[in-house]
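Notes to accompany the following structure.
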Amino acid sequence: MGVDASNPFVTAQFQLDRTADWLGLDLPTRELLRSPMKEHQFLIPLRRDDGTFKVFRGFRVVHNDARGPGKGGIRFHPQETIDTIRALAMKMTWKCALLDIPLGGSSGGIACDPHYLSQHEQELLCRAWVRHLAGELGPRVDVPAPEIMTSSHHMLWMLDEYETIYGERIPDFITGKPVGMGGSVGRLEAAGYGLVFALREALKELNIAADGTTASIQGFGNVAQHAARLFVQLGGRVVCVSCWDQKDGVSFAYRKKSGIEVAALAGITDPFGGIDKAKAEKMGYEVLPGEAWLAQDVDILIPAAVEHQITEENVASIRPCVRVIAEGANGPTTPAADKVIRERGILVIPDILANAGGVTCSYFEQVQSTMNYYWEKDEVLGKLDVKMTSAFHNVLKFGQTKKLTMREAAIAIAVARVAQACKDRGWV
Amino acid sequence: MGLSLPDSLSIPAFDRHFFTGQERFTAIGRGSLGGKAQGLARMHQLIEGTLAASFRSEIEVCVPTLTVITTEFFDLFMKQNHLTDLALSDLRDDVLASAFQQADLPAQLVGDLRALIAQVQRPLAVRSSSLLEDAIFEPFASVYATKMIPNNQLDTDSRFRKLVEAVKFIYASTFFKDAKNYIRATKHATSDEKMAVIIQEVVGLRHGQRFYPDVSGVARSHNFYPLGHAKPSDGVINLALGLGKTIVDDGVAWSYSPAHPQANPPYNTLDDLLSQTQSEFWAISMESPAEYDPIKETEYLKKYSLQEAEKDGVLRFLASTYRAQDDKIVYGIAEPGPRVIDFAPILKFDLLPLTRLLRDLLKLCENALERMVEIEFAMTLDERRGKPSRFGFLQVRPMVVSAAEVELRPDDLEGNDVLVASEAALGNGVRDDIRDVVYVRPDKFNVHHSEAVVVELDGLNRQLQALDRPYLLIGFGRWGTSDPQAGIPVNFGQISGAKVIVESALPETSCMLSQGSHFFHNITSFRVFYFSLSPCDRYRIDWEWLNRQPAAGEAEFVRHVRLTSPLKIMVDGTTSRGVIRHG
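Those protein sequence lines, which keep their order, are chains A and B. Note that the numbering used here gives residue 107 to position 107 of the first sequence, counting from 1, and the numbers run on in steps of one. Note that the numbering used here gives residue 1454 to position 454 of the second sequence, counting from 1, and the numbers run on in steps of one.
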């Protein structure tokens, strides 16, 4: 393919190039959309609890804000690079456009491993990150949110720092805040539930009754747990989940053919989605190598961990019975693997659609914070379901009409909308 | 049982298109539809299959568009919000309902509700449809709540909120005190109960700030109170203007036998008719409610006067007019004067084949359920827009009959312990809770004293009502007559504690008995048993036994006895035989 599959930004640009070709975008527009409009990289020196100093690298990238203020997560991850952040920011642009949310795309983070940082150290990092970017963030500029290994706690520290700098309460500065402190009910569930809303529609489309279907999930963090919960309520059975084991430094898959008990398993899981292996074994789970999640005899695969997990090397292990892949993570499938999956006729709900529930609910939270009036959970999830369902059907219909895969159709709709916004503003 | 669908999966899934989808009867979820919705689903099939076509040119007959939230979501709602212990506790209804309002509906339900409400901007009825309703196969009329919402707010969010509140209110009503008591009486446990919820379009038209059907009604395939020429098997139809709440809760209706649609109900005088005719009607108020109260069943319902309906132009086919100068009723509303809601243009001039339709429907339902039925319906007569009348079939249920099966043969009316027997008894069922008997003394009664009798009865009635003691009342001549020479001129309020009434002819009186007609409205509403004994009947009252019982109170014309053991009172509504035994 000639694509550096290990670099998510290259993969994202490759997807954009193909879409731009298909849409026939002019050169200036392609150029504008291929790269972020703003990038910030900076160093954060931190005095640790033991008195030593360590320097961390911080990032914030705004890919495009033609359709509205930037919106994107803040990751704490040791392997963070500017390219993963660029790729995520671009995906956020497409995601917001696809869901027709009036926001642009951004992303950010700090290259660190919170497993080895105290709460106090994490708080200092959060506050430092905001101080570096205070002039570049804000409800009408760029709105951060939690992502991998950051939580509502981190968001509240960041909000507090921002409000201290500006001397006023600005609850719509950030989303993912704790409920009762400007957070929205339903936000925790939103990404996982949103995925299952889209999955439900896909199953209907394939004429498969959700009742009795089986799934295997990579990851057991927030998205995976809530997706599993709602999937089980629809009548499905999750037979395998995998996750990273911090202690052993490898990932494991936990299998129970009769179906995992989501609540019980969540009870032995740490805040980063790591399952306690010993306790899981005691609860009757088979412990398999991490990659085993992909090779299960199931109807549905849900990669809900990190990027580039389904690759050219392991795609062949996907069993023939798999009918749907719903991408809970951002960019979990490399282009080469995607080609194989397409040839096998598996329906893929692409990441920018499948995991868009999170950003949709973040948008709802920002709206509520701006009004300082908060909705009931029924209202949040009702709106989320309608947004996700209608986005799914838009993509499906567009794909069927134009003979595109779901991924191609989703990106095409999104890119066309963003390109149009850039043109309407007279940028290109 | 006839109500159950052969295959409940045959109900199509709600496709997020309420009025515009291919199906008008859909379900959300995989659980049970509950009894009411099962009945409606069956009738939807039957009506669409056969009946609708034969009336299409004059009346559009249908089950109004609806979707059912199946019991699966009730289970999830209770479980996810940890409400079971609270629901089964002794909390007050309003506290319970408030707690339910704080809970969240299941995530996979709210999307469908949001999609529904986004495209519907007319009133909706959110109705209960419980599981035991079907399992027990007993009528659950008015046990659970129904909430009508105007659903006319401009923004989707407000409409959605009101719908969600209504669904939670219906869920809460599963555990209200009356419902718990009812379930207990059926020998089931409230914990067995599950609730499906029907979201249904309201049949009606908007007139300014109110929305209501021109006609609503309740029809029964069997009449336990047949009066005049009517036979029990003819059934009975009650009609009212506006929402059916007027009939079901207020007990006001134009009641007639489908075999004799042109016969007036047996009112005593025109004054009675004027005082008992419908003077107000219920409608959905399309204005903001007086106060925000999501746990009030009637939050959006309002009563309006008949004058408002006349301004709305709906009385044309429903009313007649009292002409004072002739002291008579003239059909229609061409003349000024007090209006009588008697549906004369429809019933007397057969403007619409409503009675024929109802007869056919009752038969259809009886065959489907294999038992006596009661149906509810609402209708619009939208002649202003040149559209055919629309008949919305709202509910079918087995008739409210006593839990005990009563079947009396002629020889059951004989025996030494028979106090009273009659072959012209009204009502149906068994009572064994009456120990008090109030009777007009046969040795003292004379029609010249009938007004004095009323005073004595009124006093005793008050005493017994204050003690909450139902009683058997025995008297002579027509009860409730306005002519003191023809009987005892009480109004119903003066004998309202009587749950069983006997009217007996005295040998020297030649008057026809009222057979309950003067009080027909009250005795039907309160399900009073009514025994008539004409001079030519073979059955007599056992006065000797009565007189032997020690008096609990004795006045000049009236005697009150309190028995040590209750009377056994049985009425067989299918044969009109009744017997009271002292055992």
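Virtual Cβ for every residue (Gly too), placed ideally from N, Cα, C.
Of all residues in the stretch 380-396 of chain A, only Leu381, Gly382, Lys383, Asp385, Val386, Thr389 come within less than 7 Å of chain B when Cβ atoms are compared, listed by chain position. Chain A has a Cβ within less than 8 Å of the Cβ of B:Arg1161. Within chain A, the residues whose beta carbon sits less than 9 Å from that of B:Ala1118 are Val386, listed in sequence order. Collapsing the DSSP output to three states places A:His132 in a helix. Closest by C-alpha distance to A:Met406, out of A:Ile148, A:Tyr374, A:Ala391, A:Val348, is A:Val348. For the options B:Lys1177, B:Leu1347, B:Ile1329, B:Pro1232, the alpha carbon positioned closest to that of B:Leu1239 is the one of B:Leu1347. Counting along the chain, the unbroken beta strand (DSSP E) around B:Asn1238 starts and ends at 1236-1240. For A:Glu189, the closest Cβ of chain B is nearer than 8 Å. For B:Ile1117, same chain residues with a beta-carbon under 8 Å away, outside a window of 5 residues either side, are Asn1151, Thr1156, Arg1159, Phe1160, Leu1163 in chain order.
For the stretch 1095-1124 of chain B, the beta-carbon criterion of a distance under 8 Å to any beta-carbon of chain A is satisfied by Asp1104, Leu1105, Pro1106, Ala1107, Gln1108, Val1110, Gly1111, Asp1112, Leu1113, Arg1114, Ala1115, Ala1118. Nearest neighbour of B:Val1558 by Cα position, chosen from B:Ala1145, B:Val1455, B:Pro1336, turns out to be B:Val1455. Put simply, of A:Pro350, A:Arg425, A:His40 the residue whose alpha carbon is nearest the alpha carbon of A:Leu199 is A:Pro350. For A:Lys377, the C-beta contacts it makes with chain B under 7 Å involve Asp1104, in order along the chain. In terms of Cα proximity to A:Gln366, the closest of A:Pro178, A:Ala266, A:Arg229 is A:Pro178.
Residues of the stretch 186-220 of chain A whose Cβ lies closer than 7 Å to any Cβ of chain B, in chain order: Glu189, Tyr193, Phe197, Asp211.
Beta-carbon to beta-carbon, B:Thr1065 and B:Phe1018 are separated by about 6 Å, close enough to satisfy the 8 Å threshold. DSSP places B:Ala1013 in no alpha helix (DSSP H); its state is neither H nor E. The C-beta of A:Leu43 comes no closer than 8 Å to any C-beta of chain B.
CA-CA distance, A:Leu381 to A:Asp299, rounds to 26 Å. Residues of the stretch 1044-1076 of chain B with a C-beta less than 8 Å from any C-beta of chain A: Leu1076, listed in chain order. Residue environment analysis places B:Asn1446 among the exposed positions, since fewer than 16 neighbouring C-beta atoms fall within 10 angstroms of its C-beta. Going by DSSP, B:Phe1018 is part of no beta strand (DSSP E) at all; its letter is neither H nor E.
8 Å or more divides the Cβ of B:Ile1237 from the Cβ of B:Val1197.
Spanning the alpha carbons of A:Phe392 and A:Phe197 requires a straight line of approximately 9 Å. Under the three-state reduction of DSSP output, A:Val428 falls in the coil class, being neither helix nor strand. Within 10 angstroms of the beta-carbon of B:Phe1526 lie fewer than 16 other beta-carbons, which makes it exposed. Among the bridge pairs identified by DSSP, A:Phe56 is matched with A:Ile44. Straight-line measurement puts the Cα of A:Arg67 at about 11 Å from the Cα of A:Lys423. Per DSSP, A:Cys96 is one residue of the alpha helix (DSSP H) stretching across 82-98. Short of 8 Å from the beta carbon of B:Met1372, and not among the five residues preceding or following it, lie these beta carbons of its own chain, in chain order: Arg1220, Ser1221, His1222, Glu1366, Pro1398, Met1399, Val1401.
Counting C-beta atoms within 10 angstroms of its own C-beta, B:Asn1181 has fewer than 16 neighbours from the protein chains shown and is therefore classed as exposed. Close partners of A:Leu234 in chain B (Cβ separation under 7 Å): Gln1108. DSSP places B:Arg1478 in the strand class (E or B) of the three-state scheme. Residue nearest to A:Gln309 within the set A:Asp49, A:Pro332, A:Asp276, A:Val315 is A:Pro332 (criterion: CA-CA distance).
Interface criterion met: the Cβ of B:Val1164 is under 8 Å from a Cβ in chain A.
Between A:Cys240 and A:Arg255 the beta-carbon gap is near 4 Å, inside 8 Å, which marks them as a contact.
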